[in-house]
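Each residue of the sequence shown is one higher than the one before, starting from 0 at the first, in numbering that gives the first Met the number 0.
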Amino acid sequence: MKHKKLLSVISASAAALMIAATMSACSASGSGNSTLNANKDYATKVISDFNSNSKAAEFEFSDQAYAKGGTAAMLFKPDISAEDLQQVARNLFLTSITVTNEKGDIVACYPEGAESGKIKDSKDKAVFNKVVKGVSEKYMTDPVYNAEDGTYAVLAGVRRKDADGAVVIGYNTKDYAAVTGTDLAKLCGANAVVIKDGAVLSSTLEDVKAEGKLEDLGISADDLKKDSFTVKVGDKSYSAIASTKGDLTVICAG
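Structure below.
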């Protein structure tokens, strides 16, 4: 009898341990899903705010570019020395300054001797001839991204202050990321991937690089609509969920 009672106690204890283990596993799974959902909610707000503020961010960036150009134009004088023009560039953190007369002839530039002739024949500044002609009071080209250092090359042109003609400035900055969204994943947190037009715009997920394709992650556009799916990066697999706002989708993996 005592032997049977002992077996019953052992069986009951084993069953209790199994139940506890199962509950623990479920709790851990639920905790993981809860964390991913919390990450998704936070990241969704980030991309939603980005969409709402994108026009304002673009305006602010271009306004700053034109302000730099306006300052350079204000400081330029026909008799300015090469040294003084260089100092203007340094004070405004510019990589280049190009000044034309009313005919579009380049009359001064920094670095000294870098450009000559007419601006309409310039390799990267020909478009600013519209500022020379008065078609536009100011103009900025689309900043060009440099992946090596994460900066954008900016060119902006304004009308001269002292005479007819244009002043075109160039400089490098990382601030344009706030307009393009290339830093969005950092704001979304760890293991986040931001997708736009089927390509990776921004990522903090290891080994996932910007401009990679959606299919490179082993997922399709239909997967993004599911409650959860699997992201594959090399020999690693992650459980993931996604959220879409406007033309942006954020994937949170864990």
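Every residue gets a Cβ at the ideal spot worked out from N, C-alpha and C, and that includes glycine.
As the structure is a prediction and not an experimental result, all values here were calculated from the model.
Neighbourhood of residue i by C-beta distance below 7 Å, restricted to the same chain and skipping five residues each side
i	result
residue 16	Low local confidence applies: a pLDDT of 36 at residue 16 is under 50, so the model's placement there is unreliable, and no value is given.
residue 218	228, 230
Residue i to residue j span [Cα, whole Å]
i	j	result
residue 44	residue 90	38 Å
residue 88	residue 172	15 Å
residue 71	residue 40	45 Å
residue 116	residue 125	11 Å
residue 192	residue 184	6 Å
residue 149	residue 64	18 Å
residue 152	residue 143	5 Å
residue 127	residue 159	12 Å
residue 22	residue 33	Because the pLDDT of residue 22 is 33, which lies under 50, any placement of that residue in the model is unreliable, and the question is left without a value.
residue 100	residue 199	44 Å
residue 57	residue 139	12 Å
Minimum C-alpha distance to residue i - residue among the options
i	options	result
residue 215	225, 194, 113, 174	194
residue 186	251, 160, 94	251
residue 37	104, 240, 135, 180	240
residue 35	233, 188, 198, 221	188
residue 104	203, 164, 201, 147	164
residue 141	176, 132, 107, 224	176
C-beta atoms of residue i and residue j nearer than 8 Å
i	j	result
residue 49	residue 174	no
residue 130	residue 157	yes
residue 68	residue 178	no
residue 47	residue 244	yes
residue 79	residue 97	no
Residues of its chain near residue i, where Cβ-Cβ distance is below 8 Å and the 5 sequence neighbours each way are ignored
i	result
residue 74	87
residue 220	197, 213
Per-residue burial, residue i [other beta carbons within 10 Å of its own, 16 or more giving buried]
i	result
residue 208	exposed
residue 255	In this structure the chain extends from 0 to 253, so residue 255 is not present and cannot be described.
residue 190	buried
Other residues of its chain near residue i: CB distance less than 6 Å, five sequence neighbours each side excluded
i	result
residue 169	94, 95, 154
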